[in-house]
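What follows is a single structure, written as structure tokens, with notes after it.
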Amino acid sequence: MKLRFLVSVSSLILVVLLVFWQRETRPSPGPLSAVHERDSRIEEQDCELCHDAQRNSFAPCAECHGEIQRSIAAKKGLHGRLREPEDCGRCHGEHRGPGAGLVTEAAFERSGYAGREGYKHEGLRFGLSGAHEKLDCAQCHKLSGLPLLPVGKKRFLGLRQGCAGCHDDPHKGKQGEDCASCHGQERPFEQVATFEHTADFPLVEGHAGLACSKCHDNLRDRSSEEIRKETGHACADCHQDPHAAGGKGLQFETKKDCALCHGTKSFEEPLLGTKDHAKFGSELKGVHREQDCAECHEGGKRESISQRMRWVAADLKPQVLSDAWVPKDPGDCAVCHLAPHTKAFLAGQGMGAPVASCAGCHEAAARRFGRPEARMNLEIHAKGGVPLEGAHRELDCERCHKEAGTRPSGRNPKAVFAAFRKRFPGRDMKGCKVCHEDVHAGDFDKGPFEGQECSACHSDAHFSPSLFDTETHARTSFALTGAHEALACTACHKELRVSGTQKVRRFGGLEGRCLGCHRDPHGDRLVRPLGAGARDPKNCQNCHDTTHFQPPKKGAFDHGRDTRFALLGAHKAAACERCHAPATKAGDGSLVRESPPQTCEACHDDPHLGQFRRTGRNDCLNCHSQDKFKPVHFDHEKDSRFALGKNHARVACAACHQPTRLKSGEKVILYRPLPRTCKGCHGLPGKGGK
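Numbering (the working numbering), first residue to last: 21 to 710.
So this is what it looks like as structure tokens:
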């Protein structure tokens, strides 16, 4: 029993001795850093305090560095932005001895930054900009440069991210915590660089750059809202009014807005000028903007506007402003200018109606009173009794008023008015001849259009083409029908005649028949046959209409009636040109068609070469019809002197009538003369006869 107990105790002692020996004799990677070496817990608990079974686990570090663990979890700050934030040893190397720091330049470089100064608060709500960007880390993080931090102190963490964390608040919290909204970070705090004044009172020119205290008292103890409510926006709320009674400047009878005359840049140099004239009810335009104020406002002839508006010397009596600057009626030009037209013109003489204002014709902004700036328009021109219509609207004044572009000499109103009346006398628009020559030279002064104005045929928009239509033309002795309706006037009215200094086209006195314009393509060929009837042989409309010359009117020309040669059989279907060959009449170039004699041989060749001619002519119809040349209807029993009888009737014609050659050399079938006796054809018996 005792032996077993002794063995057990001995084994326990041996195990304890082995553990103690291993602890004292196992190898170490190197001495600890100073901050970890002084931690008594490491001495008491040995390596297992920082090195767990996983060796590189982050868990032991997080037990002491809770703020870092929370930054990593929230992904904020430097550690929260690292790719492998739990690998602490990568940046903070341990076991390098007490002289080696854990937070070094190398640690920042391994984190991806150019050293400690290269980290610009990425991942934090407090970004470095402006003046903060140039600061060293130690200027805000006082302990950041110490090799060994005091126990319980933080190197970078623990600071507030508001301005009040580092700076005193001169406003004692009255203006809130967003100091950057007014002061920014780029310029000195006193300049309040980013403060935006209220939109209803912008700080510009003279107000720009002033210290807030120049206008606002006790800024530090009041909020912006309190200051805004207590401060007025009127000039008199801050500035003394020199124009008030007893002041040193020109006096206003009533209180005015200072901005009417003064800008915010300098009060002593007022901005009142021509562009501001409208503020007083009289807007200046054009050349009036360039005039010196003294040219219109008496009493200021030797002083500019800025000099008149300066504060006067103390020993001079202030002048009431309205006395020197009497408002003018902008429509009453005669207050400043001499009227060249006199009262007679303004009363309506030469204009047809009274003139209400100079501005009706003259532009107040113009540099010159006369042309080209004079604003004579169509409406005003019509008041003079001459409304401009059509092409007249586009004409230059000088086309009608020869001297309109020159200014009358002298300043005598009567002389100027007389010159004006001469140049602009006023004309009756109906009397075109007042301005225009009569291009017809009186052709329309008589006849159906006597007494009518030019406007009856011509538009005021254009003289040509005219308004003279077919309906109007019908009032003459020649109504336009058919193809004549589509012709231009000059196609028929070609003849020019001299009238005075111009050549005019003849419209009156023209013959109203076809032959007045057209040559007769038939010459005199149809006069004789047509004249035999009751119709006028010179009237082309016997056969033709005005729509087209060819073909002739259907049924208008009766060949049998009008020529005594009726068209029968094949003649009825033949074209006219088959019988009437075209020919050009010598000298005039007109086309005529010959009228052949009314015999067959006049048109057709005689295949019998005159064998049947009697008394100088052939009567072809004795054997042939007009329908066809063959077959013939020749009756040998009646139409010849040789009756065929029964036997000869059975004989073919060609047996007796055979081809023969005449003395002239022509070959023809011989019909006559032939013998009428038997011997003449058959001969005598026994001598070769049949």
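Backbone N, C-alpha and C define an ideal beta-carbon position, used for all residues, glycine too.
Within the DSSP bridge table, the entry for K523 names V518 as partners.
Spatial neighbours of T284 in its own chain (CB-CB distance under 7 Å, excluding positions within 5 residues in sequence) are listed in chain order as V224, E225, G226, H227. Sixteen is the threshold: since fewer than 16 other Cβ atoms of the shown chains lie within 10 Å of the Cβ of A379, the residue is exposed.
Secondary structure note for R681: its beta strand (DSSP E) is the uninterrupted segment 679-681.
Judged by DSSP secondary structure, V123 falls outside any alpha helix (DSSP H); it is assigned neither H nor E.
In this structure, the straight-line span from the alpha carbon of G529 to that of S519 is close to 15 Å. With contact defined as three or more Cβ pairs closer than 8 Å, the segment 116-124 and the segment 49-57 are in contact.
When secondary structure is reduced to three states using DSSP, R637 falls in the strand class. For C560, same chain residues with a beta-carbon under 7 Å away, outside a window of 5 residues either side, are C534 in chain order. Taking the Cβ atoms as the reference, H99 lies roughly 5 Å from I88, within the contact range of under 8 Å. If you draw a straight line from the Cα of H656 to the Cα of Q570, it comes to about 47 Å.
Taking 8 Å as the upper bound for CB-CB distance, C235 and T251 are in contact here, some 7 Å apart. Note on S201: under 16 other CB atoms within 10 angstroms of its CB, so exposed under the neighbour-count rule.
In the structure shown, the three-state DSSP call for V55 is helix.
One thing to note: Q618 has its Cβ no nearer than 7 Å to the Cβ of F577. K699 sits in a helix when the DSSP states are folded into three classes.
By the Cβ-count criterion, P105 is buried, with 16 or more other Cβ atoms from all chains shown falling within 10 Å of its own Cβ. Taking F654 as the centre and dropping the five residues before and after it, the same chain places the C-beta of C643 closer than 7 Å to its C-beta, in chain order. By the C-beta density criterion, C455 is exposed, having fewer than 16 other C-beta atoms within 10 angstroms.
Residue V123 holds the alpha-carbon nearest to the alpha-carbon of P167 among V123, C183, A151.
Ranked by how close their Cα comes to the Cα of F221, the residues G502, P208, K249 have K249 in first place. In chain order, Q631 place their CB closer than 7 Å to the CB of R692, counting only its own chain and leaving out the 5 sequence neighbours on each side. The beta carbon of H297 sits closer than 7 Å to those of E303, L304, all from its chain and outside the five residues before and after it, given in chain order. Distance from the CA of H493 to the CA of Q472, rounded to the nearest whole angstrom, comes to 15 Å. DSSP, read as helix, strand or coil, puts K666 in helix. Assignment of P541 by DSSP, reduced to helix, strand and coil, places it in the coil class. Here DSSP, grouped into helix, strand and coil, assigns V652 to coil.
P651 and H600 have their C-alpha atoms spaced approximately 27 Å apart. For R495, the closest alpha carbon among the candidates A254, G532, A461, K523 is that of G532. H112 is bridged by DSSP to nothing; it lacks a bridge partner.
Apart from the 5 residues on each side of it in sequence, H677 sits with its Cβ closer than 7 Å to the Cβ of I689, L690, Y691 in its chain, given in chain order. The beta carbon of V459 sits closer than 7 Å to the beta carbons of V524 from its chain, once the five residues preceding and following it are set aside; these are given in chain order. Within the same chain, no residue comes within 6 Å of S475 by CB-CB distance, once the 5 residues on both sides are set aside.
Contact annotation: C111 and A127 have beta-carbon atoms nearer than 7 Å. For K249, the enclosing alpha helix (DSSP H) begins and ends at 244-250.
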